[in-house]
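Chemist: Below: one structure in structure tokens.
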Amino acid sequence: MLSDPIAALATPPGRSAIAVVRLSGDGAFDVAARVVPAFRPAPRLAQLAAFVASDGAPIDRGIVTVFPAPHSYTGEDTVEFSCHGGLLAPLRLLEALHAAGARAAAPGEFTRRAVLNGRLDLLQAEAVGDLIDATAPAQAGRALAQLDGNLSSRIAQLRSALVELQALLGYEIDFPGEDDGPVAPERIAAARDEVAARIDRLLATAPAGERLREGALVVLAGRPNAGKSSLFNALLGSERALVTEIAGTTRDAIEAHTSFFGWPVRLVDTAGLRDTDDRIERMGVETSRRWLESADLVLHCVETGAEAPSDGLPPARTLTLRTKSDLPAPEGEGIPVSAVTGDGLEVVRRAVAEHLFGARAALADLEPGLSRARHREALARARAELEDARPHFGPEGDAVLASHHVRLATLALDELVGVVDIEEVLDRVFRDFCVGK
Ligand SMILES: Nc1nc2c(ncn2[C@@H]2O[C@H](COP(=O)(O)OP(=O)(O)OP(=O)(O)O)[C@@H](O)[C@H]2O)c(=O)[nH]1
Ligand SMILES: [Mg+2]
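The numbering used here numbers the first residue of the sequence shown as 3 and each following residue consecutively.
Now the structure itself:
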């Protein structure tokens with residue numbers, strides 16, 4: 003495993019009060035001592051010190067904090083330098099650290115080392131990235147909980163159940179066909195069913211979890227001039243899309259990120275749906291259709307007083323809105339909303355959040371759930387192995403084959419969390435059953 007000293011700017015470049023430069027790896031303290039003449043490796047103590055270039059020229063005065071291994075983010079000897087921000091001080095400090103023997107860190111290399119050194123598991127490392135990328139409060143809340151290990155511990159519980167199952171099968175392998183053994187075959191089969199059901203429950207969290215991480219795709223659609231672009235702008239609170247009284251104004255789809263009641267939404271304005279001879283508008287309508295296919299939710303905009311043709315929109319994924327509700331006209335089906343007066347905007351935002359995130363919108367603290375395709379695929383693999391194991395359970399079954407599939411299911415979870423340790427299975431078999439061989 004690579005543990006040479008690496009250094010990088012941990013804060014974004016540019017004008018700022020403070021910048022933080024991070025240094026980690028074997029020999030990090032020697033590197034630091036070449037740049038900070040007064041360097042003392044006192045653990046977790048902030049010290050004010052002068053930083054100098056390799057020719058001794060002063061760079062800055064700042065704070066040095068030392069984290070000796072293994073009690074650091076990476077698990078290695080780590081030094082954090084807080085210097086003044088802006089372009090020069092951080093750049094010159096980095097140059098000095100490179101001249102003193104540290105190499106430039108690759109993207110994510112600090113967190114990668116944290117994983118390899120067992121400071122974070124893979125799920126927590128992903129959460130670090132998710133927290134940094136979060137734009138909506140619910141995303142940040144979810145990432146923080148995952149960083150705290152709530153998903154990891156849920157996977158650990160599943161894994162432990164699988165190891166237990168394998169231990170039961172191990173007894174069956176060592177003492178086959180003993181009718182008066184301590185474990186009835188029905189109990190082993192029931193244990194399999196129970197783990198399978200738990201995996202199913204976790205898998206069921208994937209759609210909402212992935213939607214939460216990526217932002218739900220909400221597409222505004224309807225007839226030309228229905229007020230889609232006006233509503234798009236009103237929901238965003240900024241004039242992103244052109245609005246005119248001419249039907250067929252919007253051609254390209256326009257996407258913007260926002261959040262409704264803390265829930266992340268990718269809002270898309272599209273060209274009005276109609277048959278047209280205008281070549282460019284027709285291309286716009288085709289683009290609209292493609293967005294509608296992948297939408298998590300379609301906001302069907304129908305002008306107050308107008309007919310509400312379904313336009314082939316997917317009913318289960320469509321909310322109807324009555325736009326221009328400020329105009330005098332008979333009310334129709336749908337949520338009344340006006341981009342001009344702002345009436346109904348909050349109702350629309352809430353309806354969208356509830357439709358997309360459902361009961362979760364009401365949950366103060368989020369249940370741990372899957373948030374990436376990687377998680378879903380690993381659990382689906384584990385679930386498939388349990389399915390393959392099923393015929394091999396029971397009195398007529400082959401415990402060796404059953405055990406093989408359960409082991410593969412366990413491996414899928416290990417891969418998910420980023421640890422692979424088969425010794426543990428063996429330990430459990432012998433500890434719980436005192437087979438004594
Ligand atoms: N009174 C009133 N007029 C509105 C409202 N929203 C939009 N309009 C008007 O309706 C016309 C069409 O609005 P747009 O937002 O461009 O409609 P659109 O659905 O995006 O139209 P296309 O892009 O052509 O498909 C404009 O003249 C707007 O000023 C509203 O809430 N109240
Ligand atoms: Mg428009």
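Even for Gly, the Cβ is constructed at its ideal location relative to N, Cα and C.
1. To which residues does DSSP link I8 through a beta bridge?
2. For R319, collect the residues of the same chain with a Cβ closer than 8 Å to its Cβ; drop the 5 residues on either side in sequence, then sort them by chain order.
3. Please go through the same chain and pick out, in chain order, the residues whose beta-carbon is closer than 8 Å to the beta-carbon of D28, but skip the five residues on each side of it.
4. Taking 8 Å as the cut-off, does the region 93 to 105 touch the region 388 to 408 (at least 3 CB pairs, one atom from each stretch)?
5. How far does the alpha helix (DSSP H) with H86 in it extend, from its first residue to its last?
6. Can you name, in chain order, every residue of its own chain whose Cβ lies under 8 Å from the Cβ of A142, other than the five neighbours on each side?
7. Do L167 and A236 have their CB atoms nearer than 7 Å?
8. Mind checking whether the beta-carbon of T252 lies closer than 6 Å to any heavy atom of ligand 2?
9. So S18 packs on S74, CB below 8 Å; how close in whole Å?
10. Can we count D328 as close to ligand 1, meaning its CB is less than 6 Å from some heavy atom?
11. With contact counted as at least three CB pairs below 8 Å, one residue from each stretch, are the region 408 to 418 and the region 374 to 387 in contact?
12. So who's on the other strand from H259, going by DSSP bridges?
13. Can you give the Cα-Cα distance for G229 and G274, rounded to whole angstroms?
14. Suppose only complete runs of 3+ residues qualify. What are the beta strand (DSSP E) ranges in the region 265 to 338, listed by chain order?
15. Taking 6 Å as the line, does the beta carbon of E247 fall inside it for any heavy atom of ligand 1?
16. I need the DSSP call for V245, collapsed to helix, strand or coil.
17. Taking its Cβ as the centre, do 16 or more other Cβ atoms sit within 10 Å of I61, making it buried, or is it exposed?
18. Sorry if obvious, but does the Cβ on S231 come closer than 6 Å to a heavy atom of ligand 2?
19. Just the Cα atoms here: how many angstroms apart are T1 and R268?
20. So V270 and E257 are supposed to be a Cβ contact under 8 Å. How far apart are they, rounded?
21. Could you say if the region 348 to 357 and the region 369 to 377 meet the contact criterion of at least three C-beta pairs nearer than 8 Å?
22. What residue range does the alpha helix (DSSP H) around P187 cover?
23. With burial defined as no fewer than 16 other Cβ atoms inside 10 Å of the residue's Cβ, what is the status of A411: buried or exposed?
24. Which residues does DSSP list as the beta-bridge partners of V54?
25. What are the boundary residues of the alpha helix (DSSP H) that includes G224?
26. Candidates T272, R194, S261: which alpha carbon is nearest S232's?
27. I need the DSSP call for V38, collapsed to helix, strand or coil.
28. State the start and end residues of the unbroken alpha helix (DSSP H) segment that holds V47.
29. Pull up the distance between the alpha-carbon of F83 and that of G103, whole angstroms please.
30. If you pair each beta-carbon of the region 210 to 226 with each one of the region 191 to 202, do three or more pairs fall below 8 Å?
Modeler: Straight from the coordinates:
1. For this step, residue 8 is matched to residue 6 along the sequence shown. DSSP, once it has assigned bridges, lists S26, R105 as partnering I8.
2. Here the question's residue 319 lines up with position 317 in the sequence shown. Excluding sequence neighbours, R319 sits near A297, D298, L299, V300.
3. Mapped onto the sequence shown, residue 28 falls at position 26. Around D28: S5, D6, P7, E78, D79.
4. no
5. Along the sequence shown, read from residue 1 onward, the residue named residue 86 stands at position 84. Not the alpha helix (DSSP H): H86 falls in the beta strand (DSSP E), residues 80 to 86.
6. Counting from 1 along the sequence shown, the entry for residue 142 is found at position 140. For A142, where only same-chain residues beyond five positions count, the Cβ hits under 8 Å are L133, A136.
7. Along the sequence shown, read from residue 1 onward, the residue named residue 167 stands at position 165. Along the sequence shown, read from residue 1 onward, the residue named residue 236 stands at position 234. Taking 7 Å as the cut-off, the Cβ atoms of L167 and A236 do not count as close.
8. Walking along the sequence shown from the start, residue 252 turns up at place 250. Yes, the beta carbon of T252 sits closer than 6 Å to at least one heavy atom of ligand 2.
9. Reading the sequence shown from its first residue, position 16 is the one you call residue 18. Reading the sequence shown from its first residue, position 72 is the one you call residue 74. About 24 Å; that fails the 8 Å criterion.
10. As a first step, residue 328 is located in the sequence shown; it is residue number 326 there, counting from the start. Yes, ligand 1 has a heavy atom inside 6 Å of this Cβ.
11. Contact holds: three or more Cβ-Cβ distances are below 8 Å.
12. The residue you call residue 259 lines up with position 257 of the sequence shown. R268.
13. Along the sequence shown, one-based indexing puts residue 229 at 227. Along the sequence shown, one-based indexing puts residue 274 at 272. Approximately 9 Å, taken between the alpha carbons.
14. 265 to 271, 299 to 305, 320 to 325
15. As a first step, residue 247 is located in the sequence shown; it is residue number 245 there, counting from the start. E247: yes, Cβ under 6 Å from ligand 1.
16. Here the question's residue 245 lines up with position 243 in the sequence shown. Residue state, collapsed to three classes: coil.
17. As a working mapping, residue 61 is identified with position 59 in the sequence shown. It is buried - the Cβ of I61 has at least 16 other Cβ atoms within 10 Å.
18. Translated into the one-based positions of the sequence shown, residue 231 becomes position 229. The answer is yes for S231.
19. Because the chain spans 3 through 439 in this model, residue 1 falls outside it and cannot be assessed.
20. Locating residue 270 in the sequence shown gives position 268, counting from the first residue. Locating residue 257 in the sequence shown gives position 255, counting from the first residue. Rounded, the Cβ-Cβ distance is 5 Å, consistent with contact.
21. no
22. As a first step, residue 187 is located in the sequence shown; it is residue number 185 there, counting from the start. First-last of the alpha helix (DSSP H) with P187: 187 to 205.
23. Within the sequence shown, the letter at position 409 stands for residue 411. Classification for A411: buried.
24. Here residue 54 refers to the residue found at position 52 of the sequence shown. Beta-bridge pairing links V54 to P60.
25. For this step, residue 224 is matched to residue 222 along the sequence shown. Secondary structure note for G224: it is in no alpha helix (DSSP H), and the uninterrupted beta strand (DSSP E) holding it is 218 to 224.
26. In the sequence shown, residue 232 corresponds to position 230, counting from 1. The shortest C-alpha separation from S232 is found at T272.
27. For the purposes of this step, residue 38 is taken as the residue at position 36 of the sequence shown. Reduced to three states, the DSSP call for V38 is coil.
28. Residue 47 sits at position 45 when you count from the first residue of the sequence shown. One detail in the question is off: residue 47 reads as Leu in this sequence, not Val. Where L47 is concerned, there is no enclosing alpha helix (DSSP H), given that its DSSP letter is neither H nor E.
29. Counted from its first residue, the sequence shown places residue 83 at position 81. Counted from its first residue, the sequence shown places residue 103 at position 101. In a straight line, the C-alpha of F83 is about 16 Å away from that of G103.
30. no
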